[in-house]
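Participant: Chains A and B are the protein sequences, given in the same order.
Counting along the first sequence from 1, when you hit position 217 you're at 217 in this note's numbering, and nothing is skipped either side.
Counting along the second sequence from 1, when you hit position 123 you're at 594 in this note's numbering, and nothing is skipped either side.
Don't be surprised by glycine CBs; every beta carbon is placed ideally from N, CA and C.
Number of protein chains: 2
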Amino acid sequence: MKLPKQSENFPEWYNKVVQYADLAENSSVRGCMVIKPYGYAIWENIQSVLDKKIKELGVVNVYFPLLIPESFLKKEAEHVEGFAPEVAVVTYAGGKELEEKYVIRPTSETVMYDTFSRWIKSYRDLPLKVNQWANVMRWEMRPRLFLRTSEFLWQEGHTVHQSLAEAEEMMMQALKMYEDFAKNYLAIYVIAGEKSNLEKFAGADKTTTIEGLMRDGKSLQMGTSHNLGQNFAKSFSIKFLDKNNKEQYPWQTSWGVSTRLIGALIMAHGDDQGLILPPAISPYQVVIVPIYKNEEERKKVMEEINKMIRPSLQDQNIRYFVDDSEKTPGWKFNHWEQKGVPLRIEVGPKDIEREIATVANRLSADKSELKLSELSKIAELLNSFQSDLLVRNQKFVEENTYQAENMDKLKEMIDEGVSGFYKSGFCGSNDCERKIQSFKTTIRVKPFAAGKQKCLVCGKEGQEVYIAKSY
Amino acid sequence: MKLPKQSENFPEWYNKVVQYADLAENSSVRGCMVIKPYGYAIWENIQSVLDKKIKELGVVNVYFPLLIPESFLKKEAEHVEGFAPEVAVVTYAGGKELEEKYVIRPTSETVMYDTFSRWIKSYRDLPLKVNQWANVMRWEMRPRLFLRTSEFLWQEGHTVHQSLAEAEEMMMQALKMYEDFAKNYLAIYVIAGEKSNLEKFAGADKTTTIEGLMRDGKSLQMGTSHNLGQNFAKSFSIKFLDKNNKEQYPWQTSWGVSTRLIGALIMAHGDDQGLILPPAISPYQVVIVPIYKNEEERKKVMEEINKMIRPSLQDQNIRYFVDDSEKTPGWKFNHWEQKGVPLRIEVGPKDIEREIATVANRLSADKSELKLSELSKIAELLNSFQSDLLVRNQKFVEENTYQAENMDKLKEMIDEGVSGFYKSGFCGSNDCERKIQSFKTTIRVKPFAAGKQKCLVCGKEGQEVYIAKSY
Numbered sequence: 001m002k003l004p005k006q007s008e009n010f011p012e013w014y015n016k017v018v019q020y021a022d023l024a025e026n027s028s029v030r031g032c033m034v035i036k037p038y039g040y041a042i043w044e045n046i047q048s049v050l051d052k053k054i055k056e057l058g059v060v061n062v063y064f065p066l067l068i069p070e071s072f073l074k075k076e077a078e079h080v081e082g083f084a085p086e087v088a089v090v091t092y093a094g095g096k097e098l099e100e101k102y103v104i105r106p107t108s109e110t111v112m113y114d115t116f117s118r119w120i121k122s123y124r125d126l127p128l129k130v131n132q133w134a135n136v137m138r139w140e141m142r143p144r145l146f147l148r149t150s151e152f153l154w155q156e157g158h159t160v161h162q163s164l165a166e167a168e169e170m171m172m173q174a175l176k177m178y179e180d181f182a183k184n185y186l187a188i189y190v191i192a193g194e195k196s197n198l199e200k201f202a203g204a205d206k207t208t209t210i211e212g213l214m215r216d217g218k219s220l221q222m223g224t225s226h227n228l229g230q231n232f233a234k235s236f237s238i239k240f241l242d243k244n245n246k247e248q249y250p251w252q253t254s255w256g257v258s259t260r261l262i263g264a265l266i267m268a269h270g271d272d273q274g275l276i277l278p279p280a281i282s283p284y285q286v287v288i289v290p291i292y293k294n295e296e297e298r299k300k301v302m303e304e305i306n307k308m309i310r311p312s313l314q315d316q317n318i319r320y321f322v323d324d325s326e327k328t329p330g331w332k333f334n335h336w337e338q339k340g341v342p343l344r345i346e347v348g349p350k351d352i353e354r355e356i357a358t359v360a361n362r363l364s365a366d367k368s369e370l371k372l373s374e375l376s377k378i379a380e381l382l383n384s385f386q387s388d389l390l391v392r393n394q395k396f397v398e399e400n401t402y403q404a405e406n407m408d409k410l411k412e413m414i415d416e417g418v419s420g421f422y423k424s425g426f427c428g429s430n431d432c433e434r435k436i437q438s439f440k441t442t443i444r445v446k447p448f449a450a451g452k453q454k455c456l457v458c459g460k461e462g463q464e465v466y467i468a469k470s471y
Numbered sequence: 472m473k474l475p476k477q478s479e480n481f482p483e484w485y486n487k488v489v490q491y492a493d494l495a496e497n498s499s500v501r502g503c504m505v506i507k508p509y510g511y512a513i514w515e516n517i518q519s520v521l522d523k524k525i526k527e528l529g530v531v532n533v534y535f536p537l538l539i540p541e542s543f544l545k546k547e548a549e550h551v552e553g554f555a556p557e558v559a560v561v562t563y564a565g566g567k568e569l570e571e572k573y574v575i576r577p578t579s580e581t582v583m584y585d586t587f588s589r590w591i592k593s594y595r596d597l598p599l600k601v602n603q604w605a606n607v608m609r610w611e612m613r614p615r616l617f618l619r620t621s622e623f624l625w626q627e628g629h630t631v632h633q634s635l636a637e638a639e640e641m642m643m644q645a646l647k648m649y650e651d652f653a654k655n656y657l658a659i660y661v662i663a664g665e666k667s668n669l670e671k672f673a674g675a676d677k678t679t680t681i682e683g684l685m686r687d688g689k690s691l692q693m694g695t696s697h698n699l700g701q702n703f704a705k706s707f708s709i710k711f712l713d714k715n716n717k718e719q720y721p722w723q724t725s726w727g728v729s730t731r732l733i734g735a736l737i738m739a740h741g742d743d744q745g746l747i748l749p750p751a752i753s754p755y756q757v758v759i760v761p762i763y764k765n766e767e768e769r770k771k772v773m774e775e776i777n778k779m780i781r782p783s784l785q786d787q788n789i790r791y792f793v794d795d796s797e798k799t800p801g802w803k804f805n806h807w808e809q810k811g812v813p814l815r816i817e818v819g820p821k822d823i824e825r826e827i828a829t830v831a832n833r834l835s836a837d838k839s840e841l842k843l844s845e846l847s848k849i850a851e852l853l854n855s856f857q858s859d860l861l862v863r864n865q866k867f868v869e870e871n872t873y874q875a876e877n878m879d880k881l882k883e884m885i886d887e888g889v890s891g892f893y894k895s896g897f898c899g900s901n902d903c904e905r906k907i908q909s910f911k912t913t914i915r916v917k918p919f920a921a922g923k924q925k926c927l928v929c930g931k932e933g934q935e936v937y938i939a940k941s942y
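1. Which residue comes first and which comes last in the alpha helix (DSSP H) that contains I262/A?
2. I need the boundaries of the alpha helix (DSSP H) containing T553/B, first residue and last residue.
3. On the DSSP letters alone, give me the boundaries of the alpha helix (DSSP H) that A943/B sits inside.
4. So, is P750/B buried or exposed, given that buried needs 16 or more other C-beta atoms within 10 angstroms?
5. Could you pull out every residue in the same chain whose Cβ sits closer than 7 Å to the Cβ of G39/A, ignoring the five residues on either side in sequence?
6. Using DSSP bridges, identify the partner residues of V489/B.
7. Tell me, please, which residues DSSP counts as bridged to R609/B.
8. Mapping the DSSP letters down to three states, classify Y466/A as helix, strand or coil.
9. Note down the Cα distance separating P472/A from K176/A, rounded to an integer number of angstroms.
10. Going by CA-CA distance only, name the one from Q221/A, T259/A, K350/A, D431/A that's closest to V34/A.
11. Pull the bridge partners of T872/B from the DSSP assignment, please.
12. I'd like to check one pair, K572/B with V560/B: are the Cβ atoms closer than 9 Å?
13. Thinking C-alpha only, which one of L363/A, K300/A, L370/A, F116/A is nearest E355/A?
14. Reducing DSSP to helix, strand and coil, say where K101/A ends up.
15. So V574/B and V558/B are supposed to be a Cβ contact under 8 Å. How far apart are they, rounded?
16. Can you name, in chain order, every residue of its own chain whose Cβ lies under 7 Å from the Cβ of A41/A, other than the five neighbours on each side?
17. What residue range does the alpha helix (DSSP H) around G157/A cover?
18. Let me know the secondary structure DSSP gives E247/A once reduced to three states.
19. Under a Cβ-count criterion, where at least 16 other Cβ atoms within 10 Å of its own Cβ denotes burial, should K705/B be classed as buried or exposed?
20. Examine the Cβ distances between the segment 385-393 of chain A and the segment 407-427 of chain A and report whether three or more of them are shorter than 8 Å.
21. Report the residue from H806/B, E611/B, A850/B, C903/B whose alpha carbon sits nearest the alpha carbon of E932/B.
22. Please work out which residues of its chain come closer than 7 Å, Cβ to Cβ, to G340/A, disregarding the five sequence neighbours upstream and downstream, and give them in chain order.
23. Flag G480/A as yes if its beta-carbon sits less than 9 Å from any beta-carbon of chain B, otherwise no.
24. By the three-class DSSP mapping on this structure, what secondary structure does F321/A have?
25. Does DSSP classify Q338/A as helix, strand or coil?
26. Confirm, please, whether the CB-CB distance from A360/A to H269/A is below 9 Å.
27. Could you tell me which chain A residues have their CB closer than 7 Å to the CB of K453/B, listed as they occur along the chain?
28. Listing by chain order, which chain B residues have their CB less than 8 Å from the CB of V322/A?
29. Between Y573/B and chain A, is the shortest Cβ-Cβ distance under 9 Å, so that the two count as touching?
30. Straight-line CA distance for R790/B to N777/B?
31. Suppose you measure from the CA of Y649/B to the CA of G727/B; what does that come to, to the nearest Å?
32. Closer than 9 Å, Cβ to Cβ, to anything on chain B: give me those residues from the segment 75-93 of chain A, in chain order.
33. Quick one: residues in its chain with C-beta nearer than 8 Å to the C-beta of A875/B, no 5 flanking neighbours on either side, listed in chain order?
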């Protein structure tokens with residue numbers, strides 16, 4: 001099964017990678033996907049790392065209901081405006097028409113904060129920091145596996161604090177966690193910063209984001225962390241008595257990442273041969289392909305694999321798979337390259353005589369010989385692979401970031417098909433932002449350390465932002 | 472906060488334990504619960520153990536859609552009859568009335584098997600063994616936290632095989648896994664065996680179960696594993712070409728356990744002081760309570776805890792919590808007893824001088840002195856606690872299992888309020904089973920090694936079964 005060239009038809013390339021690498025497929029339910037074992041194993045690895053990091057922030061896991069009374073959603077004005085058009089609504093249950101309709105959670109602020117209003121009485125109950133791993137639903141007209149599906153899996157953290165400063169700190173801690181995770185585990189060199197006014201989360205005072213640049217030059221929002229201010233606290237009557245026995249509204253944050261991260265992995269690293277997975281997240285870090293021409297050779301090679309290679313990889317805590325299926329070596333090479341396994345070890349009878357194995361690197365496409373006595377170097381090779389992948393992605397981002405001093409320059413680049421991040425100045429006004437949107441581009445992020453730069457639309461004082469086409 | 476006596480009002484005792492131990496609470500959504508951090512931590516421990524065991528069976532994790540087209544549910548006649556009355560129905564989505572309604576999955580056979588019919592072509596695609604951790608919804612008229620909630624969390628395993636024998640073996644492997652897990656982790660001495668005809672899963676040829684006896688003498692179905700025969704394969708046109716190139720319908724199984732297991736833990740082990748948790752599953756295995764009268768003593772005691780006790784428990788991989796809050800020791804003792812923590816370590820200034828600590832056992836209520844030089848014995852104490860709890864539960868089951876040779880004897884025991892397992896013979900007929908049901912009791916399980924015994928209703932040849940009131 002040959003993939004289309006990435007450069008010729010990126011969307012079709014993406015669909016085929018998802019299919020050939022056996023990550024997910026469309027179900028008979030419009031917009032909802034089936035996440036297949038290989039795709040789900042990536043998600044499990046993401047979960048396992050992030051769950052630990054979330055707990056290290058002093059956040060505990062909980063589970064809140066899937067269904068939200070329609071009236072809850074309506075309590076926060078901006079929130080309902082943002083989500084009402086895309087909710088799925090339950091009108092019948094248990095054989096009866098419901099008196100009050102329920103929506104399937106598009107996100108859980110409202111159903112959680114209704115409960116928080118009963119949990120929180122005093123400053124002693126704060127901070128409250130919870131997280132849940134859950135499915136959510138936002139009806140999609142143009143679904144795309146992992147990127148935009150009506151149902152997706154995610155984690156959503158929700159915290160409540162005594163002060164704005166504390167909430168702001170929590171929002172930043174969560175975003176920093178996502179940034180570290182994206183760089184050090186997903187090997188994606190994301191740009192971290194603030195969202196503009198029109199791109200904020202519905203109901204938030206401030207939204208921060210990590211944005212990755214995909215290999216077609218479009219930006220992907222990979223995770224967000226919001227300072228909700230006191231907006232929801234006021235709508236849901238969450239109040240606490242402070243140390244001076246005075247009633248106050250607390251300050252809140254929420255933050256999340258989803259199965260969209262798998263889409264990010266595909267589009268940030270993949271090439272014409274298929275997926276390239278970072279070792280830190282790959283279901284298999286190493287695939288071993290025995291090479292033989294007859295049963296006698298097969299026996300000899302498998303014995304060596306079982307005696308020498310398996311134990312060494314196990315000792316190094318490496319996730320590996322021995323592909324001893326009936327297919328040809330060539331088929332297997334292609335198969336595991338499409339699935340993005342970082343390293344492939346090939347062993348044949350002659351290699352055994354020479355006491356070596358061949359190691360093929362999915363990223364560099366290099367093949368090199370490794371002495372069987374030096375198998376303990378595989379862990380190092382994986383570490384190098386992980387950092388090389390990040391370096392490559394950083395280079396890609398740098399090479400595809402352009403200056404756009406004004407709208408003419410931006411239009412010129414768009415017309416010429418130059419795609420990537422367009423670095424510009426922006427004054428912060430909604431009017432100017434709408435003009436940028438009229439080019440089918442959006443302000444993706446204002447980096448945290450943004451310098452001053454004149455607005456590309458109106459020429460007034462502004463700050464540096466990254467503009468791009470996006471998913 | 473004092474609990475009602477278990478013997479006086481078991482349902483009220485149950486509700487208060489769930490509340491005081493901070494496990495879960497009702498939400499504003501009828502029948503749906505909020506699982507709180509302490510309750511969710513138990514579920515995470517259950518998941519972590521079971522997920523490993525499931526993977527050891529060669530089963531891989533996947534994720535299928537939450538929503539099921541109504542037409543799918545109707546394809547298997549018995550299945551729809553069983554589940555249609557309790558589904559929640561989505562009729563609107565994305566601002567429009569849907570052409571085909573969707574039900575929120577009450578279980579995923581139908582939505583999975585529709586996909587399986589496309590995955591499976593040949594015997595080479597078999598066996599197919601998948602599992603998912605998910606939320607499901609069955610509308611409940613009389614909800615009860617953990618035991619019967621409209622939404623609950625579970626795992627559901629689904630497998631497809633070439634032969635009946637293979638499917639039967641898989642069904643038994645899954646049930647055996649549940650039985651081992653119940654006994655060795657939950658410390659619940661379950662009875663494993665087959666369900667009777669009227670208690671089978673809707674759409675199965677055979678249902679196997681593990682049943683636990685709760686402390687009020689009622690039985691709780693804690694997990695089931697089904698042989699689905701070819702019923703769903705035929706309804707969903709799942710076919711494969713066998714080795715002789717002949718088209719065949721495969722044989723299927725499904726099996727699951729849910730957050731109901733937390734209800735089982737509460738009711739199988741709890742007492743008038745609250746929860747008693749098995750160390751293998753308890754969020755904290757040990758709680759440490761420092762005893763002091765002033766800040767100087769506090770400093771001394773905390774230093775000892777940090778220097779001596781924490782490192783030792785960490786070395787033994789023990790999950791512990793140091794309760795250095797402002798509450799009194801008495802309050803803390805009561806609090807952690809209600810939460811069921813197996814061992815409590817108390818340390819005061821005098822203990823430190825004598826180089827000892829006091830260890831209180833939640834199960835035996837014994838307090839004993841332990842030399843600080845012998846802290847490494849805590850792991851052993853936890854092992855003993857785990858096995859003592861199972862022994863206690865086994866004894867309870869044995870002491871509350873009664874013979875009921877005929878319906879008069881059964882009625883007599885029920886009238887006298889003798890509650891527990893009623894061991895009887897049963898011929899297998901639906902007529903006799905309905906008569907047993909008319910006493911508000913049901914046949915819970917026919918043990919796998921059931922001996923012959925005459926039917927308590929009709930007196931004909933039969934096999935040994937356990938009858939009981941149940942949840």
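Facilitator: So, from the listed chains and residues:
1. 260-269
2. In the sequence on display, residue 553/B carries Gly and not Thr. 548-554 is the span of the alpha helix (DSSP H), which, as asked, contains G553/B.
3. Outside the displayed range of chain B (472 to 942) lies residue 943/B, so it cannot be described from this structure.
4. Classified as buried, P750/B has 16 or more neighbouring CB atoms from the shown chains inside 10 Å of its CB.
5. L23, A24, I262
6. Bridge partners of V489/B: none, in fact.
7. For R609/B, DSSP assigns no beta-bridge partner whatsoever.
8. strand
9. Residue 472/A falls outside the range modelled here, since chain A spans only 1 to 471, and no answer is possible.
10. T259/A
11. T872/B pairs with F892/B.
12. yes
13. Looking at the Cα atoms, L370/A is the closest of the given residues.
14. strand
15. 4 Å
16. Only residues of its own chain outside the window of five on either side were considered, and among them P283 have a CB closer than 7 Å to the CB of A41/A, listed in chain order.
17. From DSSP, G157/A is part of no alpha helix (DSSP H) but of the beta strand (DSSP E) over 151-161.
18. strand
19. exposed
20. Because the criterion of three Cβ pairs below 8 Å is not met, the segment 385-393 of chain A and the segment 407-427 of chain A do not touch.
21. C903/B
22. A21, G274, L275, I276, L277, S282, R362
23. This structure cannot settle anything about residue 480/A, because the visible part of chain A is limited to 1 through 471.
24. If DSSP states are grouped into helix, strand and coil, F321/A belongs with the strands.
25. helix
26. no
27. In the structure displayed, chain B extends from 472 to 942; residue 453/B sits before or after that span and is not available.
28. Near V322/A there are no residues of chain B at all, since even the closest Cβ is about 15 Å away, more than 8 Å.
29. yes
30. 15 Å
31. Computed Cα separation, rounded: 9 Å.
32. A84, P85, E86, V87, A88, V89, V90, T91, Y92, A93
33. L881, M884, Y893, K894, S895, L927, I938
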